[in-house]
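Asks:
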Amino acid sequence: MEQLNYLSLLPEIVIILAGILVIAADLIIDKKDNIISEVISVLGLIIALFLTGNQFLNPEIISQNNMLISDSYAVFFKVALIILSLMVILISSHHIRERGITHRAEYFTFILFATVGMMIMAGSLDLVTVYVGLELMAISIYILVGISRTEFLSNEAALKYFLLGLLATAFLLYGISFTYGMFGTTNLVVIKNFLQNNTTANSGYILVLVFLVIAFGFKVAAVPFHMWTPDAYEGAMTPVTGFMSVGPKLAAFAVLGRVFVYSLLTLKAEWTLILTIVSILTMTVGNVVAIAQTNIKRMLAYSSIAHAGYCLMGLVAAGGLAGSLGLQSVLFYLSGYLFMNVGAFSIIIFLNKKGISGSELDDFSGLNERYPGIALMMSVILLSLAGVPPTTGFAGKLYVFMAAVKSKYMFLAVIGVLNSVIALYYYLRIIVYMYMKKPADLKEETNRSVPLLLVLGIAVVAILVLGIYPEPVLNFAKSAAGGMF
Amino acid sequence: MKQVVFFILSIISIFSALMVISRKNVVHSALSLVLLFFSTSGLFVLIGAELVAALQIFLYAGAIIVIYLFVIMMIDLRKGTTDDIGTMPKMFIVGAGVLFFAEIIYLLSKANYSGIKDIYSGEKIKELGGMTGVLAKIMYTKYLYPFEIVSLILLIAMIGAIVLAKRADKK
């Protein structure tokens, strides 16, 4: 009772050890261009992936005084987070050398620690644990955003993200303190039982819901808590942008599902109303503002806001008649979103070289003449982001809209479809640039690192496989979501 | 007697909190913040939470205020003050803040706190041997897992501070 259950924490412990080893190895091995950091990080993550898979075989272990659960829902998110972390480390390897980042080993440590933070969030059954996991993730990512210290944009991005992130954290803590005031506990299982036994209405619950929506709305970049997103995404190094556009979203949606759908299901009338409004705003603002962007990273920032809106729609459906189908659609959508976003940012890294950021719309003009293969892959990724069959973007949207319709949120589904049409415009614009414009400069060197191309290949294949044959992931998501009700 | 002290301390805290956000000179704001921390720590003493009161003074009035003053001295604060914000946005910000505050007060006044019964009350804590003991015990038993994660947060924050602040002189 009074001791930690180390067995249920094995994946996290392995990743933490890898993170510390990375720094130690960097101190011992003095050779300049060593790749020891990458090797240790990747090995640690792969071991953690297997250990997490092992948790899936013996699920539903509640440990650490009812603060940690390793059910299939947690395992789903942990697997996604470890895959994300692996991909980000592979695409960073060459890029951070090119950018002249002096603290290479620490960079990987931050990614590993942030991953652990997010895994803790995904598996937590207590709001206190959610908070400490979130803080571990957030602090690591603040530093990652500002790690290219000599660049003005990076500093600006880090400061903005840091200050607004602190505000969101304060809202979360305030919300947790209200939760404790209303329920006398922060444990999600106890809260669930309390709500089932005490059916009297309490206006304090609304405060709890509002504060939690603000805090996690910030992390998933939902409108109107999205102001930091474009600047932070643009200023951060591109691999970091890829990491922070997926990781915190995955973790925050894991917590939103756990808190709202699992614990506060009795209050669904209230939170579905809040999330419906936030979802509509998020989809619409994200897509409409994305049209005006000429910088691809900013455009992807707004597009990621819009994607969060679709996921919120699935969450609303989970509170309605669709039930576990809604949550399942969110999980499936997020797994596809992971590959789409990492793929898109990998292409920006590929185009990045000295003097050219690779993230302006003009950098993509005539890409087909220069690199036909890359242009084709980018087209697949963009079509998936837009939601065109046979990609995972289409399948994900289909399931989310289906869940919304099933929950009788017809107007939400209609708004979602209209938004997809808007989104098509700005994604297709890049394809037009790639295939129909003349390239500005034919002779140039790009970032042809093998790990980067490998990740790009995996992302594109995953996008197509998840679009054509989604059953395995869908079944995994179904068993994960089913356990929440 | 207790009531009188409570009201005096509350009035001082509210007054100093208002001073923090209304002063143009940041040093005045920071000093008002010190006053705020002292008066709230007095409030904690009143409800028998002497450990929290002490931490409030050590950490906030001590360490954090020193950091604030350092930052104030290092950054040229004459650039980019609140004067750059127009009247309309300012009105909007203040209006939204007041509205939000009113909402919280309204909802809290109607809320019922039936869930919090039988949790650590002042008397119960005295029975168990004082705030510090109870807190230490619960932190190292029930909340051991988050407590361990906090150590990771401190580790990463330390590494991060070094990474961000270390001079790039090697090469």
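Chains as they are written, first to last, in my numbering: chain A, 1 to 485; chain B, 1001 to 1171.
Every residue gets a Cβ at the ideal spot worked out from N, C-alpha and C, and that includes glycine.
Note that the structure is a prediction, hence the values are computed from the model and not measured.
(1) For the beta strand (DSSP E) containing I62 of chain A, name the first residue and the last one.
(2) Using the beta-carbon count (16 or more within 10 Å), is L1128 of chain B buried or exposed?
(3) With DSSP collapsed to three states, give me the class of I69 of chain A.
(4) I'd like the span of the alpha helix (DSSP H) that includes K297 of chain A, first residue to last.
(5) Should S72 of chain A and A403 of chain A be called a contact, given that it needs their Cβ atoms to be closer than 7 Å?
(6) With a threshold of 7 Å between beta carbons, is N1112 of chain B in contact with chain A?
(7) Could you check where the alpha helix (DSSP H) with D231 of chain A kicks off and where it finishes?
(8) What does the Cβ neighbour count give for E234 of chain A, buried or exposed, with the cut at 16 atoms within 10 Å?
(9) Can you list, in chain order, the residues of its chain whose CB lies under 7 Å from that of F216 of chain A, leaving out five sequence neighbours each side?
(10) Is the segment 401-419 of chain A touching the segment 309-323 of chain A in the sense that three or more CB pairs, one from each, lie closer than 8 Å?
(11) Tell me the DSSP secondary structure of D26 of chain A in three-state form.
(12) Are the beta-carbon atoms belonging to N155 of chain A and S63 of chain A less than 7 Å from one another?
(13) With 9 Å as the C-beta to C-beta threshold (strictly closer), list the residues of the segment 1055-1069 of chain B near chain A in chain order.
(14) Within 10 Å of its beta-carbon, does Y409 of chain A have 16 or more other beta-carbons around it, so buried, or fewer, so exposed?
(15) Are any of the Cβ atoms in chain A nearer than 7 Å to that of A1157 of chain B?
(16) In chain B, which residues lie less than 7 Å from T109 of chain A when you measure between Cβ atoms?
(17) For the segment 201-229 of chain A, list every residue whose C-beta sits within 7 Å of some C-beta in chain B, in sequence order.
(18) Against Q64 of chain A, what residues of chain B qualify as contacts under a CB-to-CB distance less than 8 Å, listed in chain order?
(19) By how many angstroms is the C-alpha of L9 of chain A removed from the C-alpha of M1073 of chain B?
(20) Just how far apart, CA to CA, sit A1017 of chain B and Y433 of chain A?
(21) Strictly below 8 Å CB to CB, what residues from chain A border E1148 of chain B?
(22) Assuming T487 of chain A contacts G309 of chain A (C-beta within less than 8 Å), just tell me the rounded distance between them.
(23) Per DSSP, what are the beta-bridge partners of N187 of chain A in this structure?
(24) Do you know whose CA, among B:A1030, B:R1023 and B:G1042, lies nearest L1009 of chain B's CA?
(25) From what residue to what residue does the alpha helix (DSSP H) around M436 of chain A run?
(26) Count the other CB atoms, across all protein chains shown, that sit within 10 Å of the CB of G1097 of chain B; report buried if there are 16 or more and exposed otherwise.
(27) Is K160 of chain A helix, strand or coil when you go by DSSP?
(28) In angstroms with no decimal places, state the Cα-to-Cα distance between A201 of chain A and I1116 of chain B.
(29) Residues in its own chain within less than 8 Å of L125 of chain A by CB, not counting five upstream and five downstream?
(30) Which same chain residues end up closer than 6 Å to F183 of chain A when comparing Cβ atoms and leaving out the 5 residues on each side of it in sequence?
(31) Kindly list the residues whose CB is nearer than 7 Å to the CB of K1171 of chain B, restricted to its own chain and excluding five residues on each side of it in sequence; keep chain order.
(32) Can you give me the C-alpha to C-alpha distance between N197 of chain A and I176 of chain A, rounded to a whole angstrom?
(33) Excluding the 5 residues flanking T45 of chain A on each side, which residues of the same chain have their C-beta closer than 6 Å to its C-beta?
(34) Could you say which of A:Y161, A:I91, A:D30 and A:H307 lies nearest to P451 of chain A if we only look at CA atoms?
(35) Across which residues does DSSP place E360 of chain A in a beta bridge pair?
(36) Any beta carbon from chain A within less than 7 Å of L1036 of chain B's own beta carbon?
Replies: Once the coordinates are examined:
(1) Here residue 62 of chain A refers to the residue found at position 62 of the first sequence. Taken as a continuous stretch (DSSP letters only), the beta strand (DSSP E) holding I62 of chain A covers I61 to S63.
(2) The residue given as residue 1128 of chain B occupies position 128 in the second sequence. Looking at its Cβ environment, which holds fewer than 16 other Cβ atoms inside 10 Å, L1128 of chain B is exposed.
(3) If you number the first sequence from 1, residue 69 of chain A lands on position 69. Strand at I69 of chain A.
(4) Locating residue 297 of chain A in the first sequence gives position 297, counting from the first residue. K297 of chain A -> alpha helix (DSSP H) spans I296 to G319.
(5) Reading the first sequence from its first residue, position 72 is the one you call residue 72 of chain A. Reading the first sequence from its first residue, position 403 is the one you call residue 403 of chain A. It is not a contact, given that the beta carbons lie outside the stated cut-off.
(6) As a position in the second sequence, residue 1112 of chain B is number 112, starting the count at 1. Chain A, which has a Cβ nearer than 7 Å to the Cβ of N1112 of chain B, makes this yes.
(7) Walking along the first sequence from the start, residue 231 of chain A turns up at place 231. Residues T229 to G235.
(8) Taking the first residue of the first sequence as position 1, residue 234 of chain A is located at position 234. E234 of chain A is buried by the Cβ-count criterion.
(9) By 1-based counting over the first sequence, the position of residue 216 of chain A is 216. If we look at F216 of chain A and ignore the five residues flanking it on each side, its Cβ neighbours are A252, V255 and L256.
(10) yes
(11) As a working note, residue 26 of chain A is residue 26 in the first sequence. Looking at D26 of chain A - three-state DSSP - the assignment turns out to be helix.
(12) Locating residue 155 of chain A in the first sequence gives position 155, where the first residue counts as 1. Locating residue 63 of chain A in the first sequence gives position 63, where the first residue counts as 1. No, the Cβ-Cβ distance between N155 of chain A and S63 of chain A is not below 7 Å.
(13) none
(14) In the first sequence, the residue the question calls residue 409 of chain A occupies position 409. By the neighbour-count rule (16 or more Cβ atoms within 10 Å), Y409 of chain A is buried.
(15) Walking along the second sequence from the start, residue 1157 of chain B turns up at place 157. Closer than 7 Å to some Cβ of chain A, the Cβ of A1157 of chain B qualifies, so yes.
(16) Locating residue 109 of chain A in the first sequence gives position 109, counting from the first residue. Chain B residues near T109 of chain A: I1159.
(17) N202, S203, G204, I206 and L207
(18) Within the first sequence, numbered from 1, the residue matching residue 64 of chain A stands at position 64. Simply L1144 and Y1145.
(19) Position 73 of the second sequence, counted from the first residue, corresponds to residue 1073 of chain B. Position 9 of the first sequence, counted from the first residue, corresponds to residue 9 of chain A. About 45 Å.
(20) Stepping through the second sequence from its first residue, residue 1017 of chain B is reached at position 17. Stepping through the first sequence from its first residue, residue 433 of chain A is reached at position 433. Straight-line Cα distance between these residues: approximately 55 Å.
(21) Here residue 1148 of chain B corresponds to residue number 148 of the second sequence, with the count starting at 1. Per Cβ cutoff of 8 Å: L4.
(22) The requested residue 487 of chain A is not part of the displayed model; chain A covers only 1 to 485.
(23) Within the first sequence, the letter at position 187 stands for residue 187 of chain A. Answer by DSSP bridge pairing, in chain order: A:D126.
(24) Counting from one through the second sequence, the residue named residue 1009 of chain B turns up at place 9. Here the closest residue by C-alpha is B:G1042.
(25) As a working mapping, residue 436 of chain A is identified with position 436 in the first sequence. Note, M436 of chain A: alpha helix (DSSP H), M410 to M436.
(26) The count along the second sequence starts at 1 and reaches residue 1097 of chain B at position 97. Its Cβ having fewer than 16 others within 10 Å, G1097 of chain B is exposed.
(27) Stepping through the first sequence from its first residue, residue 160 of chain A is reached at position 160. In this structure, K160 of chain A counts as helix in the three-state DSSP scheme.
(28) Your numbering for residue 201 of chain A matches position 201 in the first sequence. Your numbering for residue 1116 of chain B matches position 116 in the second sequence. When rounded, the distance between both Cα atoms is 16 Å.
(29) As a first step, residue 125 of chain A must be located in the first sequence, where it is residue number 125. Same-chain partners within the cutoff: I62, N66, M67, L68, I69, N187, L188, V189 and R258.
(30) Within the first sequence, residue 183 of chain A is the residue found at index 183, counting from 1. Here the set comprises I191 and F194.
(31) Within the second sequence, numbered from 1, the residue matching residue 1171 of chain B stands at position 171. With a pLDDT of 42 at K1171 of chain B, under the threshold of 50, the modelled position of that residue is not reliable, and the figure given next carries that caveat. Cβ neighbours of K1171 of chain B beyond the five flanking positions: none.
(32) Numbered from its first residue, the first sequence carries residue 197 of chain A at position 197. Numbered from its first residue, the first sequence carries residue 176 of chain A at position 176. One C-alpha to the other measures close to 21 Å.
(33) In the first sequence, residue 45 of chain A corresponds to position 45, counting from 1. At residue 45 of chain A the sequence reads Leu, which differs from the Thr that was named. Same-chain partners within the cutoff: I82, S85 and L86.
(34) Position 451 of the first sequence, counted from the start, is the residue given in the question as residue 451 of chain A. For P451 of chain A, the nearest C-alpha among the options comes from A:I91.
(35) Residue 360 of chain A sits at position 360 when you count from the first residue of the first sequence. Looking at the DSSP assignment, E360 of chain A forms a beta bridge with A:N295.
(36) As a working mapping, residue 1036 of chain B is identified with position 36 in the second sequence. Not closer than 7 Å to any Cβ of chain A, the Cβ of L1036 of chain B fails to qualify, so no.
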